[in-house]
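In the working numbering, the protein residues as written are 4 to 328. Working notes for the structure below.
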């Protein structure tokens with residue numbers, strides 16, 4: 004174990020060289036990145052309207068719940084300004100232009116920005132969405148903000164992003180699988196590209212936590228425990244539609260996701276188990292008594308959550324989203 008570091012500031016400074024050395028693998032260059040225009044009909048071509056017609060026909064075959072989840076995912080991705088400002092506001096996070104942390108945050112934002120653009124264009128072209136209603140939900144989500152319960156602490160924030168990016172990857176990958184099964188291979192391809200980005204981003208955030216465990220194991224374990232006691236909430240938990248109270252639409256969105264198996268309580272537990280394994284929580288040494296107790300709580304938590312998940316029944320559909328005509 005590396006000699007203990009006494010503060011979050013020192014840890015972030017220590018990690019900065021790691022971030023700088025690995026930026027080229029953490030992020031893709033603009034030149035090598037896919038763009039939404041690569042994956043959707045090209046309006047410059049003579050067959051543009053024929054391609055749109057085919058896209059609309061495929062979209063008609065998609066189930067109501069899948070479309071609701073896809074719209075909710077799009078709104079979540081479109082609220083990117085909130086997420087970027089949150090990352091830059093984390094306590095003690097260096098934000099000078101030359102900092103490797105700044106380069107990561109901006110690069111992450113630039114890659115994520117394509118996701119909302121891609122899905123928004125697909126939905127617009129599909130002809131199945133009330134775009135004004137969807138756009139209002141996006142504006143609400145950005146204006147309402149969120150409370151991720153990380154207290155702007157970098158350790159808690161990196162636990163959160165490790166969890167959330169993994170969950171997002173699962174959601175987009177499952178939407179891709181269901182879309183393919185329901186006959187829309189193009190949508191499956193779009194969501195597959197997005198899931199690939201999210202998987203890489205999750206790996207980066209998990210590496211930050213892994214490095215912190217090397218130099219500040221007790222405080223990192225306590226942060227992990229605290230986030231799991233609070234429970235990880237998704238960034239769109241304040242989602243709402245016009246005329247609906249804050250947060251109410253999100254519950255219906257997650258119900259739809261659970262019904263079709265896009266993201267379930269079992270996935271929540273599986274992510275926790277994977278993080279425990281990836282971070283080798285069971286084998287971390289050099290912790291104080293509080294850190295050891297925090298580890299005991301974390302190690303016992305998956306079995307507790309599994310018992311809860313097994314008792315949960317898939318919610319019945321009883322809600323009509325304003326987004327879908």
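Note that CB positions come from ideal geometry on N, CA and C, so glycine has one too. Small disclaimer: the values here were computed from a predicted structure and weren't measured.
- DSSP places residue 311 within a helical segment (H, G or I) once states are collapsed to three.
- One Cα belongs to residue 259, the other to residue 292, and the distance between them is close to 43 Å.
- Where residue 206 is concerned, the enclosing alpha helix (DSSP H) starts and stops at 188–218.
- DSSP places residue 274 inside the alpha helix (DSSP H), whose first and last residues are 268–281.
- Counting only the Cα atoms, residue 217 lies some 13 Å from residue 15.
- Setting aside the 5 residues that flank it on each side, residue 26 is surrounded in the same chain by 103, 106, 107, 110, each with a C-beta closer than 8 Å to its C-beta; the list follows chain order.
- Residue 233 is positioned such that its CB atom lies closer than 7 Å to that of residue 152.
- The shortest CA-to-CA distance from residue 148 to any of 71, 249, 229 is the one to 249.
- Per DSSP, the beta-bridge partners of residue 327 are 132.
- Taken atom to atom, the span from the alpha-carbon of residue 81 to that of residue 325 is near 18 Å.
- With distances taken between CA atoms, residue 114 lies nearest to 38 out of 282, 175, 123, 38.
- The three-state secondary structure of residue 82, taken from DSSP, is coil.
- Relative to residue 229, the option among 202, 154, 239 whose CA is nearest is 154.
- Judged by DSSP in its simplified three-state form, residue 169 adopts helix.
- In the three-state reduction of the DSSP assignment, residue 319 falls in the coil class, being assigned neither a helical nor a strand state.
- Selection 118, 30, 183, 70 evaluated against residue 257 yields 70 as nearest (Cα-Cα).
- When the alpha-carbon of residue 57 is set against those of 140, 101, 189, the nearest one is in 189.
- Two segments are said to touch when three or more pairs of C-beta atoms, one from each, lie closer than 8 Å; by this definition the segment 128–139 does not touch the segment 176–185.
- By a beta-carbon distance limit of 8 Å, residue 317 does not contact residue 251. Their separation comes to about 20 Å.
- Sequence-distant Cβ neighbours of residue 243 in its own chain, meaning closer than 7 Å and more than five residues away, are 140, 143, 249, 250, 251, 252.
- Per the Cβ contact rule, the segment 121–130 is not in contact with the segment 87–102 (fewer than 3 Cβ pairs under 8 Å).
- Each of 319, 198, 162 was checked against the Cα of residue 281, and the nearest Cα belongs to 162.
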